[in-house]
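For the sequence shown, this note's numbering assigns the number 92 to the initial residue and increments by one for each residue that follows. I have placed the structure first, in the form of structure tokens, so that the comments after it can refer back to it.
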Amino acid sequence: MNYKKIRINLNLKRKSGILLNISSLPSKYGIGDLGKGAYKFIDFLFTSSQSYWQMFAYSPIDFTRSPPYSIFSAFAGNVYYIDLEALDKFIDSDLSLLKENETRYSDLKKLSFKDKFLKEAALNFINRASVD
């Protein structure tokens, strides 16, 4: 038999990273999101010479099971990870009213209050797009 020589490049540089779910990031709204806390965490990764941010699935969660492992879809994103402050121009309500929901830990029971603001932003976005 004629075996071809295979060269394997073993000159790989070692890299490291941190496993942290988005929901564990600091946030004013009961659960971590892709807002200021995410940007600060990325800055931390850079300053600590980390190469990777590994996270759990960011799909919608089935709260009756074991979040974040039980998901409805591998292709959908979890709306609770949307930064409300990034939607400020589409939200007419005062976001400062959310101070009462501020926690120092992820509280999945407090997520329903975000629904109101997310729906308002979606409706305003659709209405403004149809006017243009």
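Note that the Cβ used here is the ideal one computed from N, Cα and C, for glycine as well.
### Query
Between which two residues does the beta strand (DSSP E) harbouring leucine 110 extend?
As a working note, residue 110 is residue 19 in the sequence shown. From DSSP, the beta strand (DSSP E) with leucine 110 extends over 108-110.
### Query
For leucine 214, which of Lys180, Leu111, Lys96 and Ile113 has the nearest alpha-carbon?
Locating residue 214 in the sequence shown gives position 123, counting from the first residue. For the residues Lys180, Leu111, Lys96 and Ile113, the minimum Cα distance to leucine 214 belongs to Lys180.
### Task
Measuring alpha carbon to alpha carbon, tell me which of Glu176, Ala148 and Ile173 ends up nearest alanine 165.
For the purposes of this step, residue 165 is identified with residue 74 of the sequence shown, where counting begins at 1. For the residues Glu176, Ala148 and Ile173, the minimum Cα distance to alanine 165 belongs to Ala148.
#### Entry: leucine 209 beta carbon less than 9 Å from that of isoleucine 152
Stepping through the sequence shown from its first residue, residue 152 is reached at position 61. Stepping through the sequence shown from its first residue, residue 209 is reached at position 118. Against a cut-off of 9 Å, the Cβ pair of leucine 209 and isoleucine 152 comes out as no contact.
### Query
Distance, Cα to Cα, lysine 225 vs arginine 219?
Any question about residue 225 goes unanswered here, given that the chain covers just 92 to 223.
### Query
Who are the Cβ neighbours of glutamine 145 in its own chain at under 6 Å, not counting the five residues just before and after it?
On the sequence shown, residue 145 is found 54 positions in, with the first residue counted as 1. Answer for glutamine 145: Gly108 and Leu110, listed in chain order.
### Query
Between which two residues does the beta strand (DSSP E) carrying tyrosine 120 extend?
To locate residue 120, count along the sequence shown from 1; it is residue 29. Per DSSP, tyrosine 120 belongs to no beta strand (DSSP E) and is neither H nor E.
### Message
Give me, in chain order, the residues of the same chain whose beta-carbon lies closer than 7 Å to that of alanine 212; leave out the 5 immediate sequence neighbours on both sides.
### Response
For the purposes of this step, residue 212 is taken as the residue at position 121 of the sequence shown. Contacts found: Leu178, Phe181 and Ile182.
### Query
At which residues does the beta strand (DSSP E) containing tyrosine 57 begin and terminate?
There is simply no residue 57 to check, as the chain begins at 92 and stops at 223 in what is shown.
### Task
Using a threshold of 9 Å, state whether the C-beta atoms of phenylalanine 132 and leucine 116 are closer than that.
Position 41 of the sequence shown, counted from the first residue, corresponds to residue 132. Position 25 of the sequence shown, counted from the first residue, corresponds to residue 116. Result yes, Cβ atoms of phenylalanine 132 and leucine 116 sit closer than 9 Å.
### Task
Classify tyrosine 149 as helix, strand or coil using the three-state DSSP reduction.
Translated into positions along the sequence shown, residue 149 becomes position 58. In this structure, tyrosine 149 counts as coil in the three-state DSSP scheme.
### Query
lysine 104: which of Ser150, Ser142 and Gly168 sits nearest, CA to CA?
Within the sequence shown, the letter at position 13 stands for residue 104. Checked all of Ser150, Ser142 and Gly168; the closest Cα to lysine 104 is Ser142.
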